[in-house]
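Okay, so here's the structure we're looking at.
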Amino acid sequence: MLSVLAVDSGNSFLKWSYFINNQRIFYNKIHNQDIENLPEEWDSLKQPDVIIVAHVASNTIYNKLSSFFDIWNTRPIWVTATSGQCGVTNNYENPGQLGSDRWAALIAAWNKYHESCLVINVGTAMTVDALSNQGVFLGGIIVPSSYILLNSIQSNTQIDLCHKDNYRYEVFPINTVNAIYSGVIHSCVGSIERIMRLFNLQQGYAVKNCIVSGGGVADLLPYIDFNHTVIDNVVLDGLLILAKDIQSNNM
C-alpha cells in the first residue's frame, strides 16, 4: 500500500493531494498568503511513504514547505525536469529549465493518452505545451492568464474592471469594458487555437487530444469550441505517476 503526498506549489496557490494506492483520499488548496495554516491541515495525515513536490513559487515558500515536511520522517522529492521520464522525451533546450509543474502535467497527459496532446494549464500564467505522437515534448508557450491581463489593464487605466457584472464577452464589442474583456478572452483562447494550427503545420497531423486544467480555466471554458478534456489538477496526477516511477526504480 503506497501513500503519496503530492504538492503543486504554484505562484499564487498551493494545491495538494494525499493518495493511497492511486486513490485520491484528500485534496485541498491554500493561497500562498495563508500558507502558515498548512500544518494544521496536514496534522491529521498519516506519514506518507512518498512526498513529491512541483515547486515554482518563491524561495520563501520553499523554505516554509521544507520546515512543514519535518513533521514526518519522509524526505521530500523536489521534482526537476529531466531529458526523459515516464515515456516523455523533453525537447527543451535546457531540460532542467522546464518548470516542474509543466513537466508533471506532460507526464500525466502522456500516461492518459499515449498520443499527441496539448496540455493547457491556466493559473497565474497560462501555459500551452505540445506533445507529439511519440511522446516528445515539442515545446510550449507561456502567456498572461485572463486574470493577469485584466489586472494589468485595471492597474494602468482608469477603467473599472473590478466587478464581473460590469462587462461581458461579445464577438464584436460595442463598448470599452466589453472590448477589453472580449479582447482578453480572444488573447487566451486565440493563443491555444494558434498553437493547434501550428502543430498541424509542423507535425503534419492534427493534435488528437487537449487537456485543460488550472484554477483559471473556468473563465475560458465557455469560449472553447474545440474538443477538450478538463482535468482539475493535472499536475498532481503527474506527480503521482512520477512518485510511483521513482519508487519502483528505487526498489
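Residues 32 to 282 in our numbering are what the sequence shown lists, from first letter to last. We treat Cβ as the ideally placed atom computed from N, Cα and C, and that holds for glycine.
Candidates the options, of which the one nearest residue i by Cα
i      : options                          : result
Val84  : Cys148, Trp134 and Tyr123        : Trp134
Arg228 : Asn121, Val159, Gly41 and Ile61  : Val159
Cys241 : Leu270, Ser34, Tyr254 and Ile262 : Ile262
Asn152 : Ile223, Tyr212 and Ile51         : Ile223
Asn258 : Asn187, His86, Lys275 and Lys239 : Lys239
Lys60  : Asn164, Asp80 and Glu72          : Glu72
Leu180 : Trp47, Phe203, Ala156 and Lys77  : Ala156
Tyr212 : Met32, Asn281, Ser183 and Gln233 : Ser183
Cutoff 7 angstroms; reference residue i; Cβ partners in own chain excluding five residues on either side
i      : result
Ile92  : Ser40, Asn63 and Ile66
Ile226 : Leu149, Val159, Ala161 and Ile172
Ala237 : Asn231
Assigned secondary structure, residue i (DSSP; H/G/I helix, E/B strand, else coil)
i      : result
Met157 : strand
Asn63  : helix
Gly221 : helix
Val87  : coil
Tyr58  : strand
Ala37  : strand
Ser163 : coil
Gly130 : coil
Ile205 : coil
Ser114 : coil
Leu149 : strand
Neighbourhood of residue i by C-beta distance below 6 angstroms, restricted to the same chain and skipping five residues each side
i      : result
Ile56  : Tyr49
Pro107 : Ile82, Val84 and Phe100
Tyr58  : Ser48
Residue burial classification, residue i (beta-carbon count within 10 angstroms, cutoff 16)
i      : result
Val38  : buried
Asp74  : exposed
Ile102 : exposed
Trp256 : The amino acid at residue 256 is misidentified as Trp; the sequence shows Asp. Exposed, since its Cβ has fewer than 16 Cβ neighbours within 10 Å.
Pro358 : Missing from the structure shown is residue 358; the chain here goes from 32 to 282 and no further.
Ile205 : exposed
Beta-carbon spacing of residue i, residue j below 9 angstroms
i      : j      : result
Val119 : Phe168 : yes
Thr111 : Ile82  : no
Gln116 : Leu267 : no
Ala136 : Val265 : yes
Gly170 : Trp141 : no
Cβ neighbours of residue i in the same chain (closer than 8 angstroms, five flanking residues each side left out)
i      : result
Leu251 : Val153, Ser177, Ile216, Cys219, Val220 and Val243
Ala114 : The residue asked about is misnamed: residue 114 is Ser in this sequence, not Ala. These residues qualify, in order along the chain: Thr120, Asn121 and Pro126.
Thr88  : Reading off the sequence shown, one finds Ala at residue 88, where the question assumed Thr. Answer for Ala88: Ser40, Gly41, Asn42, Leu45 and Asn63, listed in chain order.
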